[in-house]
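One structure below.
Residue numbers (the working numbering): 46 to 208.
Structural data, given as structure tokens:
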């Protein structure tokens, strides 16, 4: 039988105690002050369905644009595409998963209707945003993102902005 040195036994004991302590503690998710996150459902090319989406779901879009209308009041630039956008209202300092969880909880009761709208639209996506003060933004997501993409048959888009 091999002899295990006392120093190795102590090291293994410390590691085991740390693992037990970590598994017992409640860990909170933290974000860095260098990152701001957001998430949004974007549906393009379904302008004729905008009123129906609002009426059936009761959701108020964050942004609503119709093709051919001025982009902003007194603007000569016109929108090229219809857009119905629902963005998470949560504070941007929260983790990205919180924003995606909010979208999933908000949209799931209307899943069947929204899948029909998305099937008729030109395209639809889940847009994950990261505003960063560092040149290398980071995005990491959990199971909610995968669930949202699968449930509504969405594309996944990223919006990285470095300031």
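We treat Cβ as the ideally placed atom computed from N, Cα and C, and that holds for glycine. In this text, all values refer to a predicted model and were calculated from it rather than measured experimentally.
Under DSSP, no beta-bridge partner is assigned to residue 147. Look at residue 137 here: in three-state DSSP terms it is coil, with no helix or strand label.
The beta carbons of residue 189 and residue 146 sit closer together than 7 angstroms. Within the same chain, and ignoring the five residues on either side of residue 114 in sequence, the residues whose Cβ sits closer than 6 angstroms to its Cβ are 124.
Within the same chain, Cβ atoms closer than 7 angstroms to the Cβ of residue 135 are found at 143, 144 and 147, the five residues on either side in sequence being excluded. About 5 angstroms separates the beta carbon of residue 170 from that of residue 87, a gap short enough to meet the 8 angstroms contact definition.
Ranking 62, 85, 152 and 58 by CA distance to the CA of residue 102 puts 152 first.
Annotation: residue 193 to residue 81 spans about 21 angstroms, alpha carbon to alpha carbon. In this structure residue 130 does not touch residue 84 by the C-beta definition: roughly 11 angstroms separates them, more than the 8 angstroms allowed. Rounded to the nearest angstrom, the Cβ distance from residue 91 to residue 162 is 6 angstroms, consistent with a contact under 8 angstroms. Distance check between residue 89 and each of 109, 62 and 156 places 109 closest, using alpha-carbon atoms only. Minimum Cα-Cα distance from residue 155 among the listed residues 58, 196 and 175 corresponds to 196.
For residue 55, the three-state secondary structure derived from DSSP is helix.
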